[in-house]
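Peer 1:
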Amino acid sequence: MAPVQVRGTVLTVRRVDAYIAMTVVAPAIATRFRPGQFIAIAVGGAQTSMLARRAFAVHDVRPDHGGTVEFVFAVTGPGTGWLAECRSRDVLDVVGPLGRPFPVPRDPASCLLVGVGAGSAPLFALAARLAERGCQADFLLGAPSADRVFGALTARRTGRSAVITTADGSLGARGSVTDMLATVVQQARTDVIYGCAPVSVLRAVSALAGRYAIPVQALVAEPMACGTGICMGCVLPVVGTDGITRMVRACVDGPVFRGDHVRWDDVGTIPFDALGAPGWKPRQPEAGHAG
Amino acid sequence: MAPVQVRGTVLTVRRVDAYIAMTVVAPAIATRFRPGQFIAIAVGGAQTSMLARRAFAVHDVRPDHGGTVEFVFAVTGPGTGWLAECRSRDVLDVVGPLGRPFPVPRDPASCLLVGVGAGSAPLFALAARLAERGCQADFLLGAPSADRVFGALTARRTGRSAVITTADGSLGARGSVTDMLATVVQQARTDVIYGCAPVSVLRAVSALAGRYAIPVQALVAEPMACGTGICMGCVLPVVGTDGITRMVRACVDGPVFRGDHVRWDDVGTIPFDALGAPGWKPRQPEAGHAG
Amino acid sequence: MPADLRTRLAHVELPSPVLTAAGCAGAGRELAQFIDIARVGAVITKSVTLEPRAGNPVPRLAETPSGMLSAGGLQGPGIDAFLQRDLPWLLSRGARAVVSIAGHTAREYAELATRLSDAAGVTAIEVNLGCPDAEGGGRPGRLFAHDPASAGQVVAAVRGSGRWDIPVFAKLSPDVTDIVAVARACVTAGADGLSMINTLPGMAIDVATMRPTLAAVHGGLSGPAIRPVAVRCVWQVREALPDVPLIGAGGVRAGTDVLELMLAGASMVAVGTALFHDPSACARIQRELEEELLARGIDRVADIIGLAHQPAVFAADRHGRLS
Amino acid sequence: MPADLRTRLAHVELPSPVLTAAGCAGAGRELAQFIDIARVGAVITKSVTLEPRAGNPVPRLAETPSGMLSAGGLQGPGIDAFLQRDLPWLLSRGARAVVSIAGHTAREYAELATRLSDAAGVTAIEVNLGCPDAEGGGRPGRLFAHDPASAGQVVAAVRGSGRWDIPVFAKLSPDVTDIVAVARACVTAGADGLSMINTLPGMAIDVATMRPTLAAVHGGLSGPAIRPVAVRCVWQVREALPDVPLIGAGGVRAGTDVLELMLAGASMVAVGTALFHDPSACARIQRELEEELLARGIDRVADIIGLAHQPAVFAADRHGRLS
Ligand SMILES: Cc1cc2nc3c(=O)[nH]c(=O)nc-3n(C[C@H](O)[C@H](O)[C@H](O)COP(=O)(O)OP(=O)(O)OC[C@H]3O[C@@H](n4cnc5c(N)ncnc54)[C@H](O)[C@@H]3O)c2cc1C
Ligand SMILES: Cc1cc2nc3c(=O)[nH]c(=O)nc-3n(C[C@H](O)[C@H](O)[C@H](O)COP(=O)(O)OP(=O)(O)OC[C@H]3O[C@@H](n4cnc5c(N)ncnc54)[C@H](O)[C@@H]3O)c2cc1C
Ligand SMILES: Cc1cc2nc3c(=O)[nH]c(=O)nc-3n(C[C@H](O)[C@H](O)[C@H](O)COP(=O)(O)O)c2cc1C
Ligand SMILES: Cc1cc2nc3c(=O)[nH]c(=O)nc-3n(C[C@H](O)[C@H](O)[C@H](O)COP(=O)(O)O)c2cc1C
Ligand code: FES
Ligand code: FES
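Residue numbers (this note's numbering), protein chains in the order written: chain A, 1 to 291; chain B, 1001 to 1291; chain C, 2001 to 2323; chain D, 3001 to 3323.
Have a look at this one:
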């Protein structure tokens, strides 16, 4: 369903370890939402100097107040800094739900949900939806340190299994999620992997899944300026079913991509064989037009 | 005493008719303050798009919390709009006290205090100081309508007399303060006039005072960008004791000026005989340098 | 009674002076999720090129104070796909299409104009002169818009190839010592109108990586930050060429910004970067514009075009000074 | 250990690369109420003219998004009063004075340089080329900085009149098609360094009065809004003339902005409009700069000058990439 733009009232602002969880009243977004979709928020108020919207994966929607949307963020710059100062009853300009949601299996399957940092946030709504489909959810969550592992408790409570990794060893295994990936996939007999993490991790997850021939659905949270598909700022090289690589927009064609379709090694570049790359020529010149 | 720049915590925000009265904890400003001085506030927060400081006459200072400063404003644009959204415990960047205060008579005198709109705000601290000197204060306050007459009650309670005028007649006499000026001056046997009002009113006040040979001290609240004397944006033509007209800064050489020194009719222009005006020549060429 | 927002784009009438700016609304499809694009004056499309283009690597955008730096490299599907897919879609929605074209040589522009002439429903052509002149020699990065002669050549080529009844607007860049000279050259070469301003060349350096933020190193600055430059360019060109219709653009975010550019001399105003921030900006701005006109007792938006050039007394006299 | 902030202004050493920009700090007196101006790299004074000037009527300033439009008309006391009152005061406070000069003709600039050569304690001269060239003929409003030849003439005149040991910096304007050409002409004419950027020409229209906001109609745009333009100009000139010391200016508000301009190639950075917003900006920015350097493990600020021009690998290698 098409996204909407609403003025949503902030309901609650909670600290959750290193994160802030913010709930906004936005019935039209809540009812349209499907896991993996995101919202794009205008920051800075009426006279803002910050023109880019800030994108956040939706953590959860609830039916109270007609429909609320919760998202989770860390303060990493001026936009999130401003958001963190917002209080209950402030009003935010929110666009959503945006982008392609996580596709879910038709039949029961063993699903591994891999999240790094705030990237874990969108996985819980997904887990709930997977459960509706009779799927099992195993969690593999990582972060630099214990306070930046989002949702460890919930993962343990609601997942069939939950493995945590931290770079400093302050919670779970010391290391990164990629270190534990093969072990978890084997133990859980994973049928499909869902991931939300930095590109480097998604690349590793996709590579491993390739070796095991497991499908991966990867939520790419790369910088975006509009979230609605008009700025062309969020492109990455993705191979289509026709075998042609195109520079597609993460906000519209993603943020969830099939891991085996994204050319992870070429993210941040224009591959020479991408459609319209410098020197690129159509592979099948149109008959009769060749001169 | 030199102004200071402080981060002051908002203590209270009150609606007063059409105005907002805001109290900020700022001991260093409160202790330095003398009536007629103003503060300049940065608006819009850390990433603000609004670079000009907003100037406000100080309404009152109090000793609580080490020293608080109160100012009164109407929402007239984006800067005051942002300020109006501030709440108790927010922190403001405030510079003050700025500018030349109202000089007060050495000996008891009959003082008329003329204020229009929010321009009445700085007159009450002045009245208190005048009382310390054994002076009588009569008030003449005006505004477009009753809700925009600031301090009518206080004026009636603390002044020897208080005349109110409103353009729509909703409080006091219908008309403007200038209509009542001559009457009030005669009745109160005014020795000195203090005014804070738009330039057109200050001009009229100064003209009338000139006819009666009464000194006027006028607080000029014309647009300012820095308040500290560096932007040169607030100049007006003022005649010096040497008879030479100079373009002087309202924020540093004012905001309080002797009414008979300001060339009211030429505010907004560079009079041809102002020092350094195009074509201007020094009246006394330096001996020996004439070529 | 709401004000009459109709305005003329050369001989074509538009229902509103509020347009979308080239490259900031694709071909209208995404915005149509948020607003009725038939009610926008016109959609100026993303500059279309002969061939498909993959554009520049990311990062393509960087936020700056009240602005945006961009270097997208004109990613797009090429003229064929545009004519097959985008233009018919726009027309099916009842929207008006001003098609922006971009090329490396005057010939490419001419070919694009020819292709557009064969298509039905093109309201106007906007010639994006903010492209490097491949044959320009000399300084690398020299744009057609940097030189009156090159700009004139491109416009003449387009005028000579396109249909006579499709108005041609030449889009100027602000980073020239004398924008009036370029404007004159374009009009002499046959432009029906002028569009300004394109982005200002700028750069940002990422202080974390200590390297240029944009993959393309240089980018174009847009957004409210540059509005004063846009107002100045429109004013200067209006002063020099009072009879040439102008599309103003640069930092428009609110109804009052439209007023400002129109008072300076624009007949129409395009909204660009603000759309990233507010996808329904055009509808909101149009509403705000109506309110501003109402508050001033102005019946027809066309009456304010260039009004700020008139002596103060006259302008105040006509519409009453607000305070 | 705090980073070493010393930097060189040609052959003169400054304790910090953070300066005040011309016209935005008077002659230092007002700021001295808020900060110790002896700790600022140098005070670049308001451009001083031969005669006293009353400047333009008000409104002289207009706030724009993240920017400021100004047209003060160089109000000032003239060189006599400056030498009698302002310069000695600055020196008495232990501050370094870079004296900005402005004139209508090359002769006036030369005369100003002569007068300054007779005075003690001038650290450097900054030649404000953003002034209308009275003898330039042609387009009204044409500035010395618009034309390589006129700019070079003024610089040569100053160089020929001033003392050989006082460095001369030429201040360039960004509103030219090719800033590198002007930069080259100034260096060829004898400038020891270049200063950039002056304000961008802009305008605002008051939608209430429907007339230009500034009494002077046109004004100069400054503030964070123009920082990307300043970074681009510094980058371009550094690329073309890597050995010429540059003073960067334009929208500096925080320590990271100083980093950005220095990484682009500036040896020193001047703070202008930000001072209106924060009179203690120079002290704060200097503190922030120290913290940023510390966080990157950089010992000497001079090491980062132009670093963004080096290949990514090298830059990252030297100082570790932060994320
Ligand atoms: C689909 C998607 C989902 C996301 N979900 C979350 C989430 O659930 N929780 C969370 O904490 N963060 C999330 N992010 C990242 C979040 O958008 C950025 O942290 C935020 O924009 C940073 O803004 P800032 O001003 O605080 O920081 P800055 O880094 O200073 O941002 C400056 C500029 O960069 C852009 N930007 C920088 N990094 C990112 C980024 N990773 N993504 C998008 N724009 C960026 C901003 O829009 C802005 O233009 C998500 C991003 C995307 C694209
Ligand atoms: C010495 C002095 C004392 C003042 N005291 C008070 C007071 O006690 N109460 C009160 O309500 N107002 C007072 N003002 C006016 C107040 O500063 C303006 O109302 C306020 O700056 C408007 O800001 P804005 O963004 O809301 O409105 P806008 O009109 O949109 O302001 C836009 C710009 O214009 C400038 N500006 C516009 N009008 C003024 C003005 N009159 N004075 C200064 N800057 C202006 C602002 O700084 C800003 O740059 C005083 C002004 C001065 C100079
Ligand atoms: C991301 C982006 C892409 C743009 N693409 C084009 C384009 O394809 N053709 C063109 O003529 N102008 C293009 N522009 C310039 C805009 O049309 C407009 O002239 C400029 O951004 C100023 O308006 P604004 O401040 O409202 O964005 C682009 C601007 C941006 C920000
Ligand atoms: C009010 C004002 C006055 C200025 N006066 C001068 C001046 O006298 N001489 C000069 O060379 N530049 C002058 N400038 C330009 C600044 O020195 C600086 O180059 C420009 O403002 C960009 O820096 P900023 O964005 O930090 O202000 C002035 C700028 C402003 C805003
Ligand atoms: S974020 Fe703008 S197109 Fe994707
Ligand atoms: S307000 Fe800046 S000098 Fe007076």
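Where is the CB? At the ideal position from N, CA and C, for every residue including glycine.
1) Rounded to whole angstroms, what's the CA-CA distance from A225 of chain A to P2002 of chain C? Just pull it up for me.
2) Determine the extent of the beta strand (DSSP E) in which P1097 of chain B is found, giving its start and end residues.
3) For F2082 of chain C, does the three-state DSSP call read helix, strand or coil?
4) Give the secondary structure of P1285 of chain B by DSSP, where H, G and I count as helix, E and B as strand, and everything else as coil.
5) At the 8 Å Cβ level, is P3212 of chain D part of the contact set with chain B, yes or no?
6) If V1199 of chain B and L1112 of chain B are in contact, beta carbons under 8 Å, what's the gap, nearest whole angstrom?
7) Around the C-beta of T1068 of chain B, are 16 or more other C-beta atoms found within 10 angstroms, so that it is buried, or is it exposed?
8) Which stretch, first to last residue, makes up the beta strand (DSSP E) that contains G81 of chain A?
9) Please work out which residues of its chain come closer than 7 Å, Cβ to Cβ, to A1018 of chain B, disregarding the five sequence neighbours upstream and downstream, and give them in chain order.
10) Could you spell out where the beta strand (DSSP E) holding T245 of chain A opens and where it closes?
11) Would you tell me roughly how many angstroms separate the C-alpha atoms of M1232 of chain B and M2210 of chain C, rounded to the nearest one?
12) Assuming V3058 of chain D contacts Q3286 of chain D under a Cβ cut-off of 8 Å, what Cβ separation, rounded to an integer in Å, is found between them?
13) Since A1013 of chain B is in the beta strand (DSSP E), which residue starts that stretch and which ends it?
14) At the level of alpha carbons, what is the spacing between M1180 of chain B and T1031 of chain B?
15) Give the C-beta separation of R62 of chain A and V13 of chain A to the nearest angstrom, bearing in mind that I take them to be a contact with Cβ-Cβ under 8 Å.
16) Can you list, in chain order, the stretches of the beta strand (DSSP E) that have 3 or more residues and sit fully within the region 2192 to 2224 of chain C?
17) With 9 Å as the C-beta to C-beta threshold (strictly closer), list the residues of the region 2187 to 2217 of chain C near chain D in chain order.
18) Can you list, in chain order, the residues of its chain with a C-beta nearer than 7 Å to that of L11 of chain A? Leave out the 5 residues immediately preceding and following it.
19) Can you confirm whether the region 3045 to 3055 of chain D touches the region 3291 to 3311 of chain D when touching is taken to mean that 3 or more C-beta pairs between the two stretches lie within less than 8 Å?
20) When the Cα atoms are used, what is the spatial distance from T3020 of chain D to P3311 of chain D?
21) Note down the Cα distance separating G1079 of chain B from V95 of chain A, rounded to an integer number of angstroms.
22) Determine the contact status of L2263 of chain C and V2269 of chain C, defining contact as a CB-CB distance below 8 Å.
23) Output the distance between the C-alpha atoms of A2999 of chain D and I3179 of chain D, rounded to the nearest integer angstrom.
24) Taking 7 Å as the cut-off, is the beta-carbon of G2223 of chain C closer than that to any non-hydrogen atom of ligand 5?
25) Thinking C-alpha only, which one of B:R1249, B:T1241, B:A1162 and B:R1189 is nearest C1234 of chain B?
26) When you compare only the Cα positions, how much space is there between C3131 of chain D and H3104 of chain D?
27) Using a Cβ-Cβ cut-off of 8 Å (strictly less than) and excluding sequence neighbours within five positions of S3117 of chain D, which residues of its own chain qualify?
28) Does the pairing of the region 1234 to 1244 of chain B with the region 1264 to 1283 of chain B give three or more beta-carbon distances under 8 Å?
29) Enumerate in chain order the residues of its own chain whose CB-to-CB distance from G1008 of chain B is below 6 Å, with the five nearest sequence positions on each side excluded.
30) Given a cut-off of 8 Å on the beta-carbon distance, is the pair V2237 of chain C and M2196 of chain C in contact?
31) Taking only three categories from DSSP, how would you classify H261 of chain A?
32) With the cut-off set at 8 Å, would you say V1058 of chain B and I1039 of chain B are in Cβ contact?
33) Suppose you measure from the CA of I214 of chain A to the CA of D260 of chain A; what does that come to, to the nearest Å?
34) Out of curiosity, what's the CA-to-CA distance linking A1128 of chain B and V1192 of chain B?
35) Would you list, in chain order, the members of the region 3052 to 3066 of chain D that have their beta-carbon closer than 8 Å to a beta-carbon of chain B?
36) On the criterion of 16 or more Cβ atoms from any shown chain inside 10 Å, does Q2084 of chain C qualify as buried, or is it exposed?
Peer 2: Straight from the coordinates:
1) 35 Å
2) V1091 to L1098
3) helix
4) Any reading at P1285 of chain B must be qualified, since the residue scores a pLDDT of 46, below 50, and its modelled position is unreliable; the value itself is stated next. It is coil, neither helix nor strand.
5) no
6) About 19 Å; that fails the 8 Å criterion.
7) buried
8) Segment P78 to E85 is the alpha helix (DSSP H) holding G81 of chain A; no beta strand (DSSP E) there.
9) A1074, D1147 and R1148
10) T245 to R249
11) 37 Å
12) Not really, about 33 Å apart at Cβ, beyond 8 Å.
13) Residue identity check: residue 1013 of chain B is Val in the sequence provided, not Ala. Where V1013 of chain B is concerned, the enclosing beta strand (DSSP E) stretches over V1004 to V1016.
14) 36 Å
15) Actually they are not in contact, since the Cβ atoms of R62 of chain A and V13 of chain A sit about 15 Å apart, beyond 8 Å.
16) 2193 to 2196, 2200 to 2202 and 2219 to 2222
17) L2200, P2201, G2202, M2203, A2204, I2205, D2206, V2207, A2208, T2209, M2210, R2211, P2212 and V2217
18) T23, V24, V25, H65, T68 and S88
19) no
20) 32 Å
21) 27 Å
22) no
23) This structure cannot settle anything about residue 2999 of chain D, because the visible part of chain D is limited to 3001 through 3323.
24) no
25) B:R1249
26) 7 Å
27) S3161, G3162, R3163 and I3166
28) yes
29) V1024, V1025, A1026, L1092 and V1094
30) yes
31) coil
32) yes
33) 10 Å
34) 16 Å
35) P3052, R3053, A3054, G3055, N3056, P3057, V3058, P3059, R3060, L3061, E3063, P3065 and S3066
36) exposed
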